[in-house]
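**Student:** I have a structure I would like to understand better, so I am pasting it below and will then ask my questions one at a time.
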Amino acid sequence: MVPSHQLRALHDARTVVVYQAYAPAIADAAVAAQRFVAPFSFERMTWVKPSFLWMMERCGWATKSNQERVLAVRMHRSAFEALVAMAVPTHGQPELLKSAQALVQWDPERTMRGGKLNHRTIQLGIGRDLTKRYASEWIAAIDDVTPLVSKLRALRQRGEWAQVERLLPVERALVLTTGSRASSS
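Numbering (numbering that gives the first Met the number 0), first residue to last: 0 to 184.
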């Protein structure tokens, strides 16, 4: 049985994959530069999601306006772990939210059919003060996975669930080596 709050991701010893969805102009520039550059906004919080299926729920399988392109951002693991360690939960500690540079929120994980599961998945908000570091230092690689998303969306529409499952990224539990405030509180 999966714990109610477990950090799961596609990862290796050096990197952790997080997902973001953007308009084509932002995605094209990011993939070309292999980091976030204009027209990406450095003036607002940006959210990263290690769960592919939660990102699909959020962006409507790349059909929502300004979320038509899905990027797999491979973050340096040390940067990802530092982000988790500094993240303040969005619920339960209002006094910490005012000065937080990073936020953590736990949302119901999704099935490939879109249903809610009983366990939660993490998403991390990177504040304006950290966005430039994220965009320029914390990223090892950026891949446009929109073609995979489009293929999966078509398979889902045809009810070819075994094919969908076969093509989904394999996310597994990620044990952090650093301390974290990113609890479920």
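Where a beta carbon is used, it is the ideal one built from N, C-alpha and C, also for glycine.
Source: prediction; values computed, not measured.
Do the segment 118-137 and the segment 25-44 touch if we need at least three Cβ pairs shorter than 8 angstroms?
**Tutor:** At 8 angstroms Cβ cutoff, the stretches touch.
**Student:** Taking the alpha carbon of A12 as the point to measure from, which residue in L166, S98, Q162 and F79 has its own alpha carbon closest?
**Tutor:** Of the candidates L166, S98, Q162 and F79, the one whose C-alpha sits nearest the C-alpha of A12 is F79.
**Student:** If contact is defined by three or more beta carbon pairs under 8 angstroms, each pair taking one atom from either stretch, is the segment 107-120 in contact with the segment 52-59?
**Tutor:** Yes, since at least three Cβ pairs between the segment 52-59 and the segment 107-120 fall closer than 8 angstroms, the two stretches touch.
**Student:** Taking A99 as part of the alpha helix (DSSP H), name the residues at either end of that continuous run.
**Tutor:** First-last for A99: undefined, no H or E at that position.
**Student:** Can you list, in chain order, the residues of its chain whose CB lies under 6 angstroms from that of K63, leaving out five sequence neighbours each side?
**Tutor:** Contacts found: none.
**Student:** In angstroms with no decimal places, state the Cα-to-Cα distance between L116 and V1.
**Tutor:** Going from the Cα of L116 to the Cα of V1 covers about 10 angstroms.
**Student:** Would you list the one or two residues that DSSP bridges to H4?
**Tutor:** R119.
**Student:** State the beta-bridge partners of K48 as determined by DSSP.
**Tutor:** According to DSSP, K48 bridges with Y18.
**Student:** Tell me R208's beta-bridge partners as DSSP assigns them.
**Tutor:** Examination of residue 208 is not possible in this model, given that the chain is present from 0 through 184 alone.
**Student:** Using CA coordinates, which residue listed in K131, A161 and S77 is at the minimum distance from T45?
**Tutor:** Nearest C-alpha to T45: K131.
**Student:** Would T176 be called buried (16 or more neighbouring beta carbons within 10 Å of its own) or exposed?
**Tutor:** Per the 10 Å Cβ criterion, exposed.
**Student:** So, at 7 angstroms on beta carbons, what are the nonlocal neighbours of A71 in its own chain, with the 5 sequence-adjacent residues on each side left out?
**Tutor:** V16, Y18, D142 and V144, listed in sequence order.
**Student:** Report the three-state DSSP secondary structure of E108 (helix, strand or coil).
**Tutor:** Three-state result, E108: strand.
**Student:** According to DSSP, is R43 part of a helix, a strand, or is it coil?
**Tutor:** Three-state DSSP puts R43 in coil, outside helix and strand.
**Student:** Assuming A31 is part of the beta strand (DSSP E), what are its boundary residues?
**Tutor:** No beta strand (DSSP E) contains A31, which is instead part of the alpha helix (DSSP H) from P23 to A32.
**Student:** Would H10 be called buried (16 or more neighbouring beta carbons within 10 Å of its own) or exposed?
**Tutor:** So H10 counts as buried.
**Student:** Would you tell me roughly how many angstroms separate the C-alpha atoms of G91 and Q100, rounded to the nearest one?
**Tutor:** G91 and Q100: Cα-Cα distance of roughly 16 angstroms.
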